[in-house]
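Chemist:
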Amino acid sequence: MTINQSGWRPEANADLAALQAMPATVTGNRGLMLEEALIFEIGATDRTGVDIATAPDVPSHLGGLSRDAAIGLPGLSEQETVRHYTRLSRQNYAIDLGLFPLGSCTMKHNPRLNEKVARMPGFADIHPLQPVGTVQGALAVIYELAEWLKALTGMAAVAMSPKAGAHGELCGLLSIRAALEARGDARKVILVPESAHGTNPATAAFCGYAVENIPATADGRVDLAALKARLGPDVAAVMVTNPNTCGLFERDMKNIADAVHAAGAFVYCDGANFNAIVGRVRPGDLGVDAMHINLHKTFSTPHGGGGPGSGPVVLSEALAPYAPLPVVKKQDDGSFLLVEEETAGDHHADGFGRMVAFHGQMGMFTRALAYILSHGADGLRQVAEDAVLNANYLLRSLDDLLDAPFGASGPCMHEALFSDADHGNGGLAEGFTTLDVAKGLIDEGYHPMTVYFPLVVHGAMLIEPTETESKAALDQFILALRNVAQRAKAGDEMLKGAPWYTPRRRLDETLAARKPVLVWEANTAAS
Amino acid sequence: MRYLPLTQADRQAMLDRIGAASIDDLFVDVPADARLPGLIEGLPLHASEMSVERHMAALARRNISADATPFFLGAGAYRHHVPASVDHLIQRGEFLTAYTPYQPEIAQGTLQVLFEFQTQVAKLLGCDVANASMYDGSTACWEAICMARRITKRGKALLSSGLHPHYVNVAKTMAKFTGDELVYQAPSLDVAGDADVLTDAIGKDVSCVVVQYPDILGRIGDLSVLADKAHEAGALLIAVVTEPLALGAIKAPGEMGADIVVGEGQSIGVGLQFGGPYLGLFATRHKYVRQMPGRLCGETVDSEGKRGFVLTLSTREQHIRREKATSNICTNSGLCALAFSIHMTLLGEKGLRDLAMLNHKRAVQVAEKLATIPGISLLNDAFFNEFTVILPKDARQVVRDLADRGVLAGVSLGRLFPDETALARGLVIAVTEMVTDEDIDALIAGLKEVLA
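Chains S and H, in that order, are what the protein sequence lines are.
With the numbering used here applied, the first sequence has no gaps in its numbers, which climb one by one up to 551 at the end.
With the numbering used here applied, the second sequence has no gaps in its numbers, which climb one by one up to 453 at the end.
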């Protein structure tokens with residue numbers, strides 16, 4: 025979820041004798057750990073991995089704009105290409121390799137059926153502007169998924185086009201803004217809890233709102249009294265993440281919603297953690313007006329090394345009229361209507377506009393629908409239960425060793441939060457940090473948990489196992505984390521050098537930011 | 002359930018460790034009246050892989066896919082051949098099921114790909130630097146307008162009439178809320194674009210001029226003069242490229258003075274997918290890097306002095322700067338960027354240029370043939386692989402009639418500009434390397450029949 029914010033940079037720390045004793049290789053490779061140069065260093069502009077037919081002999085009509093200067097794009101043959109990317113892939117950790125407990129990011133198994141379905145030509149090879157009569161199956165997918173999302177959340181409508189979670193937040197806030205403007209109410213403030221994802225305040229600012237923080241209580245929830253005290257005629261909405269970024273359910277959610285509504289404002293729920301409650305709780309029953317759903321979290325579409333995401337937004341009755349275009353409607357004859365600008369006047373007159381070209385992340389809709397149909401109503405409820413069970417199992421298997429700041433307040437939801445504090449039996453040794461624990465886990469073969477987020481907890485470690493991990497996998501992870509934590513408490517200097525067994529050791533992030541090298545240029549490479 | 006590994010015995014053992022009597026005890030923080038006592042009514046139960054596959058396949062068959070019919074659609078999404086190795090490689094689990102590379106020691110694969118991608122995009126668009134991608138072309142375009150506002154501290158943007166109307170509508174939607182002033186009018190069926198109109202409108206209050214290249218009608222024109230005029234007034238030139246393959250044949254916007262070049266990268270490696278996920282390209286000059294939105298990958302060294310890559314300049318981004326960030330964007334289109342980068346590597350400069358010229362020459366062939374049909378006239382004198390023809394009647398109906406005959410003939414301007422009756426007879430036709438001689442014959446025969 026978050027990255028190294030500790031300002032750490034590598035020192036020339038004594039590379040211990042053990043490693044120095046390892047024999048060097050002339051290639052830099054170490055067995056199956058293979059080095060791979062950049063395409064710019066191994067490719068050539070006149071080499072290609074694609075055979076292209078000869079162009080017909082007709083005159084050009086390029087208006088004198090021919091690109092004559094060299095572009096500098098290297099090519100590789102097909103074999104070299106396959107090898108380049110296969111070698112690079114082996115430098116990545118992935119869910120397919122092991123437990124990936126990044127809190128708030130929900131790295132669950134990505135079923136391969138979903139990949140197969142998304143590649144069916146009827147979905148993969150259709151154009152967004154084909155006549156609607158030729159894409160009724162695609163519109164059916166959007167409609168069917170929308171119906172599921174509405175039923176699972178207990179909400180009146182859903183805007184399907186947002187491209188990712190943060191884009192969904194934007195959609196929700198714009199719907200709220202449109203609803204307020206429709207009643208001539210120009211409120212300018214959005215309230216955001218301290219523990220919120222960074223996207224929440226950024227989104228509010230991106231659409232022109234002033235952002236104010238609301239404090240948390242000692243048990244990691246929104247401070248209802250402080251919230252009530254701040255509510256007033258200038259507040260447009262409150263953005264609440266529920267379950268929140270501390271992995272806790274906001275017990276006062278209904279009271280929050282009631283207070284917000286009484287003040288004439290709306291409740292935006294960041295639904296990043298919907299996976300903890302799907303099938304057990306409907307946000308609509310809690311008074312939520314708008315909530316984005318990360319299809320790449322709750323509904324298993326792959327993260328792909330950073331995207332693409334998909335962030336449909338469910339909307340309450342009050343906000344439904346303001347959803348952006350396009351909208352898919354089912355007609356009496358069973359066919360589907362794609363409501364765009366042309367027909368909006370007849371079918372969706374109050375929509376706030378358009379957020380994207382075309383219709384949203386179709387390739388993610390097919391995957392998410394396949395996942396939802398596979399689980400069904402019963403399986404999805406089990407998903408939430410197992411996700412919460414797995415997280416609580418981790419919480420109670422580690423809270424004797426690591427400080428669980430909210431562990432005393434009851435069960436967690438889908439993720440377990442720890443800090444680097446001393447909770448009575450010794451904190452981390454002097455000079456040792458959460459980052460060292462994370463890097464130590466890498467040597468044990470794990471992707472670390474989310475670190476230094478949420479910001480409300482010192483040296484945060486946020487662990488989300490998800491429901492797709494077995495008990496055996498959790499037990500091994502617990503063993504590894506306990507061992508690394510004990511080494512950090514004991515001041516094991518080897519941990520400061522971790523990771524030792526990776527293609528690269530700790531990287532100098534300060535250098536990267538101070539002298540940005542963002543593109544390859546001949547002769548300027550750092551090594 | 003096949004994706005859930007816990008057994009009942011596991012669950013009981015885990016509850017015992019936790020000290021909870023039942024699963025319900027773990028949901029005690031949920032208000033009692035919001036706890037669903039059982040399954041949500043009216044929803045189907047779990048299903049086997051085979052039955053889900055059947056259901057989805059039946060839905061897929063209700064679409065007419067481009068591979069099953071002569072196909073000439075473009076207007077912001079293009080059908081090109083994607084080599085088999087691209088899809089094979091992006092399905093490697095180490096790419097497909099990785100997260101954002103926040104732990105660089107175990108994400109060098111993704112990071113090196115992003116560094117290579119940034120370099121490829123910068124070179125293709127003719128710019129100094131590019132980011133690790135945005136959601137799509139339309140959102141990248143709006144982000145560019147916001148970036149120009151931050152740089153110039155001015156709030157008025159001139160949008161060319163040649164800009165894709167969906168991109169215009171995205172910008173208009175956002176501007177309603179941010180207060181930016183946008184100047185735009187729909188295109189007219191002229192052979193020349195609106196460069197003169199834009200040039201005259203540039204004043205000291207203008208943050209940027211946004212032009213599409215090639216534009217929505219397929220027209221191409223030199224951007225240099227417009228760039229000079231914009232710069233004289235202290236404004237930026239933003240160029241939007243929805244068909245990046247064109248830049249294998251025609252000058253890059255960056256070469257002609259554009260300050261920010263954004264684009265839709267779908268046409269290289271990604272596929273149509275009914276409009277998404279796609280790939281926003283975003284490139285600019287060195288001096289504006291710190292005003293860029295989106296993720297950036299940079300080169301550095303590790304503690305042994307070896308070259309490596311990390312995400313960098315994150316002090317622009319929401320997870321550090323929160324409400325002061327340059328954008329709220331939190332993802333990129335990572336897997337689509339990978340597909341783009343692999344396809345570009347397979348092509349190389351030679352393949353890119355050859356493929357671009359093949360597209361262009363095929364389009365010239367089709368344009369010449371269409372122009373011989375009585376009643377049809379060709380709008381463009383210069384174009385890449387897409388052009389506009391003016392039909393003797395409403396193009397929307399022609400497109401529907403041709404679809405009924407099994408030909409997907411193009412995108413009617415009526416679909417794109419439903420309020421502009423003056424454009425109703427315009428049809429935008431894209432011709433890529435995928436179009437066969439038989440497809441061209443079918444288009445021509447169909448048009449003759451429908452127009453007769």
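Glycine included, C-beta positions come from ideal geometry on N, C-alpha and C.
Using 8 Å as the threshold, is the region 329-344 of chain H in touch with the region 135-151 of chain H, meaning 3 or more CB pairs across them?
Modeler: Segments in contact, yes.
Chemist: Which residues in the same chain have their Cβ closer than 7 Å to the Cβ of residue 466 of chain S, if we skip the five residues on either side of it in sequence?
Modeler: As a working mapping, residue 466 of chain S is identified with position 442 in the first sequence. Closer than 7 Å at the Cβ level, and outside the excluded window around residue 466 of chain S, lie 472, 522, 523, 526.
Chemist: Please tell me whether residue 346 of chain S has its Cβ less than 8 Å away from any Cβ of chain H.
Modeler: Mapped onto the first sequence, residue 346 of chain S falls at position 322. Answer no: the Cβ-Cβ gap between residue 346 of chain S and chain H never drops below 8 Å.
Chemist: Please classify residue 365 of chain S: is it buried, with 16 or more other beta-carbons within 10 angstroms of its beta-carbon, or exposed?
Modeler: As a first step, residue 365 of chain S must be located in the first sequence, where it is residue number 341. Residue 365 of chain S should be labelled buried.
Chemist: In this structure, how does DSSP classify residue 273 of chain S when only helix, strand and coil are distinguished?
Modeler: As a first step, residue 273 of chain S must be located in the first sequence, where it is residue number 249. Coil, per DSSP.
Chemist: Drop a sphere of 10 angstroms on the beta-carbon of residue 397 of chain H, count the other beta-carbons inside from all chains shown, and report buried for 16 or more, exposed for fewer.
Modeler: Here the question's residue 397 of chain H lines up with position 396 in the second sequence. Under this definition residue 397 of chain H is a buried residue.
Chemist: Closer than 9 Å, Cβ to any Cβ of chain H: which residues of the region 105-122 of chain S, in chain order?
Modeler: The region 105-122 of chain S vs chain H, Cβ under 9 Å: 105, 106, 108, 109, 110, 111, 112, 113, 114, 115, 116, 117, 118, 119, 120, 121.
Chemist: Near residue 160 of chain S, what residues of its chain come up, given a Cβ to Cβ distance below 7 Å and the 5 sequence neighbours on each side ignored?
Modeler: Position 136 of the first sequence holds residue 160 of chain S. Within the same chain, residue 160 of chain S has close Cβ partners 359, 360.
Chemist: Shorter than 8 Å from the beta carbon of residue 116 of chain H to some beta carbon of chain S?
Modeler: As a first step, residue 116 of chain H is located in the second sequence; it is residue number 115 there, counting from the start. With 8 Å as the cut-off, residue 116 of chain H counts as an interface residue toward chain S.
Chemist: Based on DSSP bridge pairs, tell me the residues matched to residue 235 of chain H.
Modeler: As a first step, residue 235 of chain H must be located in the second sequence, where it is residue number 234. Residue 235 of chain H is not bridged to any residue.
Chemist: So, is the C-beta of residue 129 of chain S closer than 8 Å to a C-beta in chain H?
Modeler: Taking the first sequence and counting its residues from 1, one reaches residue 129 of chain S at position 105. With 8 Å as the cut-off, residue 129 of chain S counts as an interface residue toward chain H.
Chemist: Taking residue 157 of chain S as the query, report the chain H residues whose CB atoms sit under 9 Å from its CB, ordered along the chain.
Modeler: Along the first sequence, read from residue 1 onward, the residue named residue 157 of chain S stands at position 133. 65, 401, 404, 405, listed in chain order.
Chemist: Give me the Cα-Cα distance between residue 289 of chain S and residue 234 of chain S, rounded to the nearest whole angstrom.
Modeler: Your numbering for residue 289 of chain S matches position 265 in the first sequence. Your numbering for residue 234 of chain S matches position 210 in the first sequence. Their Cα atoms are separated by approximately 15 Å.
Chemist: For chain H, check one thing: does any of its Cβ atoms lie closer than 8 Å to the Cβ of residue 30 of chain S?
Modeler: Here the question's residue 30 of chain S lines up with position 6 in the first sequence. Because the pLDDT at residue 30 of chain S is just 46, under 50, the model does not fix this residue reliably, and the point stays unresolved.
Chemist: Please classify residue 49 of chain H as buried or exposed, where buried requires at least 16 other C-beta atoms within 10 Å of its C-beta.
Modeler: Here residue 49 of chain H corresponds to residue number 48 of the second sequence, with the count starting at 1. The residue is exposed, with fewer than 16 neighbouring Cβ atoms inside 10 Å.
Chemist: For residue 31 of chain S, I'd like the list of residues in its chain whose CB is within less than 8 Å of its CB, leaving aside the five on either flank, ordered along the chain.
Modeler: In the first sequence, the residue the question calls residue 31 of chain S occupies position 7. Because the pLDDT of residue 31 of chain S is 42, which lies under 50, any placement of that residue in the model is unreliable, and the number read from its coordinates should be weighed accordingly. So the qualifying residues of the chain are 534.
Chemist: Determine the direct distance from the alpha carbon of residue 216 of chain H to that of residue 380 of chain S, and round the result to whole angstroms.
Modeler: Here residue 380 of chain S corresponds to residue number 356 of the first sequence, with the count starting at 1. Here residue 216 of chain H corresponds to residue number 215 of the second sequence, with the count starting at 1. Taking the straight line joining both Cα atoms gives about 18 Å.
Chemist: Short check: CB of residue 303 of chain S to CB of residue 401 of chain S, under 8 Å?
Modeler: In the first sequence, counting from the first residue as 1, residue 303 of chain S sits at position 279. In the first sequence, counting from the first residue as 1, residue 401 of chain S sits at position 377. Contact: yes.
Chemist: When you compare only the Cα positions, how much space is there between residue 191 of chain H and residue 168 of chain H?
Modeler: The residue you call residue 191 of chain H lines up with position 190 of the second sequence. The residue you call residue 168 of chain H lines up with position 167 of the second sequence. Distance between the alpha carbons of residue 191 of chain H and residue 168 of chain H: 21 Å.
Chemist: Strictly below 7 Å CB to CB, what residues from chain S border residue 9 of chain H?
Modeler: Counting from 1 along the second sequence, the entry for residue 9 of chain H is found at position 8. Result: empty, since nearest Cβ-Cβ is about 11 Å, beyond 7 Å.
Chemist: Short of 8 Å in beta carbon distance, which residues of its chain neighbour residue 48 of chain S, apart from the five on each side in sequence? Order them along the chain.
Modeler: By one-based count along the first sequence, residue 48 of chain S stands at place 24. Closer than 8 Å at the Cβ level, and outside the excluded window around residue 48 of chain S, lies no residue.
Chemist: With a threshold of 7 Å on Cβ separation, who are the neighbours of residue 350 of chain S within its own chain once the five nearest residues in sequence on each side are excluded?
Modeler: Counted from its first residue, the first sequence places residue 350 of chain S at position 326. Closer than 7 Å at Cβ, skipping near neighbours: 185, 362, 363, 364, 383.
Chemist: Would you kindly work out how many angstroms separate the C-alpha atoms of residue 4 of chain H and residue 133 of chain S, rounded to a whole number?
Modeler: Taking the first residue of the second sequence as 1, we reach residue 4 of chain H at position 3. Taking the first residue of the first sequence as 1, we reach residue 133 of chain S at position 109. Roughly 7 Å separates the two Cα atoms.
Chemist: Whole angstroms are fine: how far does the CA of residue 408 of chain H sit from the CA of residue 442 of chain H?
Modeler: The residue you call residue 442 of chain H lines up with position 441 of the second sequence. The residue you call residue 408 of chain H lines up with position 407 of the second sequence. Taking the straight line from one Cα to the other gives about 11 Å.
Chemist: For residue 439 of chain S, which of helix, strand or coil comes out of DSSP?
Modeler: What you label residue 439 of chain S is simply residue 415 of the first sequence in a count that begins at 1. Coil, per DSSP.
Chemist: Rounding to the nearest angstrom, what Cα-Cα distance links residue 258 of chain S and residue 198 of chain H in this structure?
Modeler: As a position in the first sequence, residue 258 of chain S is number 234, starting the count at 1. As a position in the second sequence, residue 198 of chain H is number 197, starting the count at 1. Whole-angstrom Cα-Cα distance: 42 Å.
Chemist: Mind checking the region 314-331 of chain H against chain S and listing, in chain order, the residues whose C-beta falls within less than 8 Å of any C-beta there?
Modeler: Hits within the stretch, in order: 314, 315, 316, 318, 319, 320, 321, 322, 323, 324, 325, 326, 328, 329, 330, 331.
Chemist: With a cut-off of 8 Å, do at least 3 Cβ pairs link the region 381-389 of chain H to the region 139-151 of chain S?
Modeler: The region 381-389 of chain H vs the region 139-151 of chain S: no contact.
Chemist: What's the call for residue 439 of chain H, buried or exposed, on a 16-neighbour Cβ count within 10 Å?
Modeler: As a first step, residue 439 of chain H must be located in the second sequence, where it is residue number 438. Label assigned to residue 439 of chain H: exposed.
Chemist: Hey, quick one: how far does the beta strand (DSSP E) through residue 308 of chain H stretch, first residue to last?
Modeler: Taking the first residue of the second sequence as 1, we reach residue 308 of chain H at position 307. Per DSSP, residue 308 of chain H belongs to the beta strand (DSSP E) from 308-312.
Chemist: Which residues does DSSP list as the beta-bridge partners of residue 346 of chain S?
Modeler: Taking the first residue of the first sequence as 1, we reach residue 346 of chain S at position 322. DSSP, once it has assigned bridges, lists no residue as partnering residue 346 of chain S.
Chemist: Flag residue 165 of chain H as yes if its beta-carbon sits less than 8 Å from any beta-carbon of chain S, otherwise no.
Modeler: Mapped onto the second sequence, residue 165 of chain H falls at position 164. Chain S contact via Cβ: present.
Chemist: Need the endpoints of the alpha helix (DSSP H) that residue 500 of chain S sits in, please.
Modeler: What you label residue 500 of chain S is simply residue 476 of the first sequence in a count that begins at 1. Note, residue 500 of chain S: alpha helix (DSSP H), 495-514.
Chemist: When the cut-off is 8 Å and only beta carbons count, does residue 136 of chain H lie next to chain S?
Modeler: Locating residue 136 of chain H in the second sequence gives position 135, where the first residue counts as 1. Taking Cβ atoms only, chain S reaches closer than 8 Å to residue 136 of chain H, which makes this a yes.
Chemist: Which residues share a DSSP beta bridge with residue 294 of chain S?
Modeler: Mapped onto the first sequence, residue 294 of chain S falls at position 270. In DSSP, residue 294 of chain S forms a bridge with S/265.
Chemist: Between which two residues does the alpha helix (DSSP H) harbouring residue 161 of chain S extend?
Modeler: Position 137 of the first sequence, counted from the first residue, corresponds to residue 161 of chain S. Note, residue 161 of chain S: alpha helix (DSSP H), 160-177.
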